[in-house]
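Participant:
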Amino acid sequence: MRIIKNIGQLVGIVPQGVSRKVGHQMDEVRSIPDAFLTIEGDTIKDFGHSSECPVASSSDEVIDAAGGMVMPMFCDSHTHICYAGSREQEFIDKINGLSYEEIAARGGGILNSADLLHSTSEDELYSQTMERVREMIGKGTGAIEIKSGYGLNTEDELKMLRVIKRVKESAPAIVKSTFLGAHAVGRAFVGRQEEYVDLVCKEMIPAVVKEGLADYVDVFCDEGFFTPEQTARILEIGVNHGLIPKIHANELACSGGVQVGVAHDALSVDHLERTGETEIEALKGSKTMPTMLPGSSFFLGLPYGKAKDFINAGLGIALASDYNPGSSPSGDMRFVMALGCVKMRLTPEQAFNACTLNAAYAMGVQDEVGSITKGKRANLLITKPLSSIAPITYNYQTPFISRIII
Ligand code: NIG
Ligand code: FE
């Protein structure tokens, strides 16, 4: 057994069986001051006030938190970290005034990443992806969803998903994989979008499922990418093959994506830079977690999701990094949490819940991680001594992690 003692504050305690926080439940982060926590194998066994801390036997390892906080690691429910190289040239194009849509319409953007991925070996792609996984773990993330979507033909989509499977098997973090063949129309199909959707439905999904390579199916349902009708078709085929939907929606326009996602019981609908009352109404009473990606609003200069409106309407929200080479080249969930506070006016407590339990829900791992709960996996951060969780987002550049247990 491992015993963590001298915990200044044990933060993010959630009772067993609570799978997400909605509305003003997001205001609450339960904590115990002056606490201990025990770990058996890789699981949280017990925790409580220091006065109840068990006496260590000779076989126990004692970890001294030195007055720091102990909290669950972040969960990142939306990433595209399996990519080759980078898109620094487009960064310059953006600085010089081109929009994300303009770059894509010129045949750049996602298609540039697809060209690069095509000419990169599986081993090299694995090593680049693992480097990003290690970077993310180092910044406090303990569960990561990773999407395909830079293959855009059957062979290269399978290549990506095989790499993600290797990452799943070898990374210490929990990894979930998502098939995103409908991220853009592959180069060979430009101008023949319906034929590409046919390929996704008739060839890619069956091939991906046959090899057991994906947990989820995703579509970039937005203006200039895939329509709500095409999205519905892909999600239906995905569901028939046993995949759970999780989609990109409402980044570039109010395109009906949220409604299609909810109609297909999507686990999450992600982006949501542009939403109104209709989207909030559609989400009420659903199991779908609205997920906002402030890192891409920051990097692309887009509006930030109206998280407060969602919470005031009684909905939960999750935050994720969207780590990818085009719209959010960072997987720093602490920065995401800070953007949630500074740009979306979330309280530190709301942002904390959005980056832990609700993000775990948005990637289907809420029974395993995302909170301090007996029986959950002990993917934990020990922080430097902090007065509360507010300095994590207030001093958003000051190193705050003293030890990672994963
Ligand atoms: O979530 N919006 C669509 N897909 C990604 C960007 C992918 C890319 O540009 O490489 C996103 O922002
Ligand atoms: Fe994305």
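Counting the sequence shown from 1 gives a position; this note's numbering is that position plus 1252. A virtual CB, placed ideally from N, CA and C, is assigned to each residue, including glycine.
Alpha carbons only, please: which of I1486, F1431, E1447 is nearest the one belonging to A1466?
Facilitator: Taking only the C-alpha atoms, the option nearest A1466 is F1431.
Participant: Enumerate in chain order the residues of its own chain whose CB-to-CB distance from A1428 is below 6 Å, with the five nearest sequence positions on each side excluded.
Facilitator: The sequence given here places Lys at residue 1428; Ala does not occur at that position. Excluding residues within five positions, the ones whose Cβ falls inside 6 Å are E1397, D1467, M1615.
Participant: When you compare each of V1621, G1578, A1606, M1585 to D1345 by their alpha carbons, which one comes out closest?
Facilitator: It is G1578.
Participant: Between which two residues does the alpha helix (DSSP H) holding R1339 run?
Facilitator: No alpha helix (DSSP H) contains R1339, which DSSP labels as neither H nor E.
Participant: Report yes if the C-beta distance between E1620 and K1628 is below 8 Å; otherwise report no.
Facilitator: Yes, these two residues count as a Cβ contact at 8 Å.
Participant: Starting from Q1261 and walking both ways along the beta strand (DSSP E), at which residues does that stretch end?
Facilitator: Start and end: 1254-1265.
Participant: Give every residue of the same chain whose Cβ lies closer than 8 Å to the Cβ of C1305, excluding the five residues on either side of it in the sequence, and list them in chain order.
Facilitator: Correct list, in chain order: I1255, K1257, F1288.
Participant: Using the rule of at least 16 other Cβ atoms within 10 Å of the residue's Cβ for burial, across every protein chain shown, is D1294 buried or exposed?
Facilitator: D1294 comes out exposed.
Participant: Please indicate yes or no: does the CB of H1500 lie closer than 7 Å to some heavy atom of ligand 2?
Facilitator: Yes.
Participant: How close, in whole Å, do the beta carbons of V1322 and L1632 come, if the pair is a contact with beta carbons under 8 Å?
Facilitator: That belief holds up - the Cβ atoms of V1322 and L1632 are roughly 6 Å apart, short of 8 Å.
Participant: With DSSP collapsed to three states, give me the class of M1325.
Facilitator: Correct three-state label for M1325: coil.
Participant: Ligand 1 and H1435: does the residue's C-beta get closer than 7 Å to at least one heavy atom of that ligand?
Facilitator: Yes, since a heavy atom of ligand 1 falls inside the 7 Å radius drawn around the Cβ of H1435.
Participant: Which word fits K1462, buried or exposed, when buried means at least 16 other C-beta atoms lie within 10 angstroms of its C-beta?
Facilitator: Flag for K1462 reads exposed.
Participant: So T1645 packs on P1600, CB below 8 Å; how close in whole Å?
Facilitator: Contact flag correct, Cβ pair sits at about 5 Å.
Participant: Quick check: the Cα distance between E1447 and G1337, rounded to an integer number of angstroms?
Facilitator: If I take the Cα positions, the gap works out to 29 Å.
Participant: Does at least one heavy atom of ligand 2 sit under 7 Å from the Cβ of A1576?
Facilitator: The amino acid occupying residue 1576 in the given sequence is Asn; Ala does not appear at that position. Yes, ligand 2 has a heavy atom inside 7 Å of this Cβ.
Participant: So Q1334 and I1416 are in contact, right, with Cβ under 8 Å, and what is the actual spacing, rounded?
Facilitator: The residue you asked about is not Gln; residue 1334 is Cys in the sequence shown. With a Cβ gap of about 5 Å, C1334 and I1416 count as contacting.
Participant: Pick out whichever of S1400, L1504, L1495 has its Cα sitting closest to the Cα of A1518.
Facilitator: The residue with the shortest Cα to Cα distance from A1518 is L1495.
Participant: If distances are taken between C-alpha atoms only, which option among E1421, G1547, Y1352 comes closest to F1477?
Facilitator: Of the listed residues, the one whose Cα sits closest to F1477 is Y1352.
Participant: Does the distance from the CB of A1559 to the CB of M1541 come in under 8 Å?
Facilitator: No, they are not a contact pair.
Participant: CB A1572 to CB S1329, shorter than 8 Å?
Facilitator: Yes, they are a contact pair.
Participant: Label Q1482 either buried or exposed according to how many other C-beta atoms from any shown protein chain fall within 10 Å of its C-beta, with 16 as the threshold for buried.
Facilitator: It is buried - the Cβ of Q1482 has at least 16 other Cβ atoms within 10 Å.
Participant: What would DSSP say about Y1468, mapped onto helix, strand or coil?
Facilitator: Note: Y1468 maps to strand in three-state DSSP.
Participant: Rounded to whole angstroms, what is the Cα-Cα separation between A1565 and D1312?
Facilitator: Using only the alpha carbons, I get a separation of about 48 Å.
Participant: How many angstroms separate the CA atom of C1506 from the CA atom of E1525?
Facilitator: So the two alpha carbons sit approximately 9 Å from each other.
Participant: In the DSSP assignment, find the beta strand (DSSP E) that holds L1501 and state where it starts and stops.
Facilitator: This sequence places Ala at residue 1501; Leu is not what is there. Where A1501 is concerned, the enclosing beta strand (DSSP E) stretches over 1496-1501.
Participant: The beta strand (DSSP E) that contains D1584, what's its start and end?
Facilitator: First-last for D1584: undefined, no H or E at that position.
Participant: Let me know the secondary structure DSSP gives F1299 once reduced to three states.
Facilitator: Correct three-state label for F1299: strand.
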